[in-house]
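First residue of the sequence shown: 4, per the numbering used here; consecutive thereafter. Using N, Cα and C, we set each Cβ at its ideal position, and we do this for glycine too. Structure record follows, encoded as structure tokens.
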Amino acid sequence: MKTTFYTAALITLAAAGTAQATPQQAVSQVRENAAQVLAILKKANGSNDAAVRKEAENYALPYFDFQRMTAQAVGQPWTQATPAQKQELSKEFQTLLIRTYSGTMLKFKNAAVDVKGNPIINRGGKEVIVRVEVSQAGSKPVNMDFTTYQSGGKYRVYNVAIEGASLVTVYRNQFGETIKNKGFDGLIQELKTKTAANNELQNLRRHIAP
Numbered sequence: 004m005k006t007t008f009y010t011a012a013l014i015t016l017a018a019a020g021t022a023q024a025t026p027q028q029a030v031s032q033v034r035e036n037a038a039q040v041l042a043i044l045k046k047a048n049g050s051n052d053a054a055v056r057k058e059a060e061n062y063a064l065p066y067f068d069f070q071r072m073t074a075q076a077v078g079q080p081w082t083q084a085t086p087a088q089k090q091e092l093s094k095e096f097q098t099l100l101i102r103t104y105s106g107t108m109l110k111f112k113n114a115a116v117d118v119k120g121n122p123i124i125n126r127g128g129k130e131v132i133v134r135v136e137v138s139q140a141g142s143k144p145v146n147m148d149f150t151t152y153q154s155g156g157k158y159r160v161y162n163v164a165i166e167g168a169s170l171v172t173v174y175r176n177q178f179g180e181t182i183k184n185k186g187f188d189g190l191i192q193e194l195k196t197k198t199a200a201n202n203e204l205q206n207l208r209r210h211i212a213p
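Below you can see the structure in the form of structure tokens.
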């Protein structure tokens with residue numbers, strides 16, 4: 004499930020930066036950005052897949068607020084972390100998400116993305132939930148909600164829900180248990196270990212690929 008969360012999120016580009024930062028302009032920007040990311044992914048030809056994945060990631064990442072996402076995933080214990088722990092945890096969480104799911108992004112290069120024009124507007128427009136449907140031949144359409152927050156003149160995504168299941172909630176359950184048993188430094192180390200394991204797996208797949 005988490006693979007679908009992030010790969011589709013990168014394709015639809017996480018509801019989006021816009022100078023005026025109004026809800027409808029954010030929706031329009033999602034459409035534009037989705038088209039751009041799909042165009043990048045379609046350049047993949049088997050020999051340049053790693054470079055194409057990196058290009059798509061670099062385009063998409065500025066539209067995510069990873070620190071806010073990390074804070075939401077950690078929940079109440081976030082207030083007990085030191086500034087250094089918050090920074091390190093946000094960095095490792097971002098790295099884990101990128102490394103885990105970038106390898107599957109190319110599966111979505113032929114997807115059809117329907118960005119709905121009726122966003123849910125909360126907090127006087129500071130928070131906008133953009134609804135998206137991702138369809139691919141042979142698969143059931145996936146309904147996703149991107150929760151964005153206006154900051155610095157643009158909307159950035161800090162949560163994604165697929166068929167009503169929240170990415171933040173999925174990780175909050177995992178993070179809470181680790182923090183309880185090992186503390187924040189233990190969680191940071193655990194994320195580093197998972198990232199290293201994912202890197203080794205991707206390297207192995209590259210070597211054994213036909």
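Candidates the options, of which the one nearest residue i by Cα
i: T25; options: S50, E95, F67, V133; result: V133
i: A47; options: D148, K112, E35, R71; result: K112
i: R126; options: T151, V40, T98, A63; result: T151
i: F67; options: I101, I43, S50, I124; result: I101
i: A114; options: Q177, R175, D52, S142; result: S142
i: A42; options: V173, D148, A63, A29; result: A63
i: G167; options: K183, V30, D148; result: D148
i: A140; options: E130, K110, V55, I124; result: K110
i: N146; options: I124, V171, V116; result: V116
Collapsed DSSP secondary structure at residue i in the structure displayed
i: K112; result: coil
i: N121; result: coil
i: E166; result: coil
i: S138; result: strand
i: D148; result: strand
i: K185; result: helix
i: K197; result: helix
Assigned exposure category for residue i - 16 Cβ within 10 Å defines buried
i: Q153; result: buried
i: A200; result: exposed
i: L194; result: buried
i: P122; result: buried
i: T196; result: exposed
i: E35; result: exposed
i: G138; result: According to the sequence provided, residue 138 is Ser. The question's Gly does not apply to it. Label assigned to S138: exposed.
i: A54; result: exposed
i: S50; result: exposed
Cβ distance (whole Å) where residue i is taken to contact residue j below 8 angstroms
i: V135; j: K157; result: Between K157 and V135 the Cβ distance is about 18 angstroms, and since that is not below 8 angstroms, they are no contact.
i: W81; j: A87; result: 14 angstroms between Cβ atoms; not a contact.
i: T198; j: G189; result: At roughly 15 angstroms, the Cβ-Cβ gap does not stay under 8 angstroms, so T198 and G189 are not in contact.
Problem - Stretch pair the segment 44-59 + the segment 157-170: three plus CB contacts closer than 8 angstroms - result: Under the three-pair Cβ rule at 8 angstroms, the segment 44-59 does not count as touching the segment 157-170.
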